[in-house]
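Numbering (the numbering used here), first residue to last: 1 to 249.
Here it is, written out as structure tokens:
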């Protein structure tokens, strides 16, 4: 699963009241350092509709290709725009709890049109105008399935912490079902932290089957086994080195 990159920018002036609908397209340029194991491309279409309460909108399509010879477990990308409000986003994609992104594989994501205001809390957004607007992408960090990495590990600290918490919760749910039964499993599943993406996704998939533990347990079990396989494939030396480097910072 590849979640879309979120880059809420506008390259059109909010003073274009005379135009009913205008559109401008920005290509996403990959400015990653030499040797990056992934290639990023795509576009963003920005529109201004003077007749709409939320006049600005954007539509985005992105693709990320693994150009390395290894499976990818995690990638972190920074996106920004040369025009608009100047907002940017650092995005992470975690494969630890599912299928990895194999060599040559491409993740394609299309974010449908979203609308937003021209001001925040009553204050106009500080637009930067560029006659040749562009969206830029930069690979910050990649972790491979053998535990080796590329890029700056500082960007991965929060992701690794979320991974640890998610794995602990899946482990707890797995053992509760086996040792304490269905009722204890469902109680813990209901209390499980929704801020963890994997847990929230499992709850969403089983939202109409809350009285039946089979839906949740089957997904928890498969996800836990997949994560354990990935964890085992990461060499102990790489895992220890990585954790020591993060703690030292």
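By construction, the Cβ of each residue, glycine as well, lies at the ideal position given by its N, Cα and C atoms.
Residue from the options with nearest C-alpha to residue i
| i | options | result |
| --- | --- | --- |
| residue 65 | 89, 48, 81 and 109 | 109 |
| residue 71 | 178, 53 and 147 | 147 |
| residue 107 | 176, 113, 88 and 63 | 63 |
| residue 48 | 160, 113 and 88 | 113 |
| residue 33 | 50, 151 and 69 | 151 |
Rounded separation between residue i and residue j - CA only
| i | j | result |
| --- | --- | --- |
| residue 78 | residue 187 | 38 Å |
| residue 96 | residue 67 | 19 Å |
| residue 167 | residue 195 | 14 Å |
| residue 57 | residue 90 | 20 Å |
| residue 163 | residue 73 | 11 Å |
| residue 36 | residue 189 | 39 Å |
| residue 140 | residue 100 | 18 Å |
| residue 55 | residue 228 | 47 Å |
| residue 226 | residue 191 | 23 Å |
| residue 132 | residue 80 | 14 Å |
| residue 102 | residue 180 | 38 Å |
| residue 53 | residue 111 | 21 Å |
| residue 154 | residue 50 | 43 Å |
| residue 88 | residue 161 | 23 Å |
Whole-Å CB distance - residue i paired with residue j, under 8 Å assumed
| i | j | result |
| --- | --- | --- |
| residue 27 | residue 134 | 6 Å |
| residue 250 | residue 233 | This structure cannot settle anything about residue 250, because the visible part of the chain is limited to 1 through 249. |
| residue 43 | residue 61 | 6 Å |
Close beta carbons around residue i, own chain, < 7 Å, minus the five adjacent residues each side
| i | result |
| --- | --- |
| residue 220 | 170, 173, 174 and 202 |
| residue 45 | 23, 25, 58 and 59 |
| residue 30 | 39, 40, 41 and 137 |
| residue 217 | 177 and 185 |
| residue 230 | 73, 96 and 145 |
Extent of the continuous alpha helix (DSSP H) run through residue i
| i | result |
| --- | --- |
| residue 187 | 182-191 |
| residue 93 | Careful: residue 93 lies outside any alpha helix (DSSP H), inside the beta strand (DSSP E) at 88-94. |
| residue 223 | 213-233 |
| residue 194 | Element bounds for residue 194: n/a, residue is neither H nor E. |
Residues of its chain near residue i, where Cβ-Cβ distance is below 6 Å and the 5 sequence neighbours each way are ignored
| i | result |
| --- | --- |
| residue 182 | 213 |
| residue 334 | Here the chain has residues from 1 to 249 only, and residue 334 is not among them. |
| residue 105 | 66 |
| residue 200 | 194 |
| residue 204 | none |
Element boundaries [beta strand (DSSP E), containing residue i]
| i | result |
| --- | --- |
| residue 33 | Note, residue 33: premise wrong, no beta strand (DSSP E); not H, not E. |
| residue 64 | 56-66 |
| residue 78 | 72-81 |
| residue 132 | That residue, residue 132, is in no beta strand (DSSP E); it is neither H nor E in DSSP. |
| residue 102 | Counting along the chain, residue 102 falls outside any beta strand (DSSP E), and DSSP gives it neither H nor E. |
| residue 151 | 149-151 |
Residues near residue i by beta carbon distance below 8 Å, same chain, minus five either side
| i | result |
| --- | --- |
| residue 198 | 97, 166, 170 and 223 |
| residue 250 | In the structure as shown, the chain starts at 1 and stops at 249, and residue 250 therefore has no counterpart that could be examined. |
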